[in-house]
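Residue numbers (this note's numbering): 3 to 105.
Here you go:
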């Protein structure tokens, strides 16, 4: 299992509008191997806010299937023209240990 985080820095006051797009139906949640999407919001700092988009996948191949899909291209259309986005970075992590309240 892998988690991919997309950390997006936006101008202060614009995080909620961008975050709401990730709750819309269709897109990533319909992809084979997709497990979960979470959107985390960081506190404003120095005139900017941070969103951390975390997607969990069965494996690397499932994530690559998403990034090469027409749905991915459609969901990211025009993202480079959003003047409220100050920057973004993508990171991948492999799950090594998982614990919950039952174990």
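Every residue gets a Cβ at the ideal spot worked out from N, C-alpha and C, and that includes glycine.
One or two residues paired with residue i in a DSSP bridge
{"i": "residue 59", "result": "4, 36"}
{"i": "residue 93", "result": "7"}
{"i": "residue 13", "result": "50"}
{"i": "residue 42", "result": "54"}
{"i": "residue 87", "result": "12"}
Where residue i falls, given that 16 or more other Cβ within 10 Å makes a residue buried
{"i": "residue 37", "result": "exposed"}
{"i": "residue 55", "result": "buried"}
{"i": "residue 20", "result": "buried"}
{"i": "residue 92", "result": "exposed"}
Option nearest residue i by Cα separation, candidates the options
{"i": "residue 6", "options": "19, 103, 90, 26", "result": "90"}
{"i": "residue 44", "options": "96, 9, 103, 100", "result": "9"}
Supposed close pair residue i, residue j - CB separation, criterion 8 Å
{"i": "residue 51", "j": "residue 17", "result": "4 Å"}
Would you be able to state if there are at least three C-beta pairs under 8 Å between the segment 9 to 17 and the segment 59 to 67? The segment 59 to 67 is not in contact with the segment 9 to 17.
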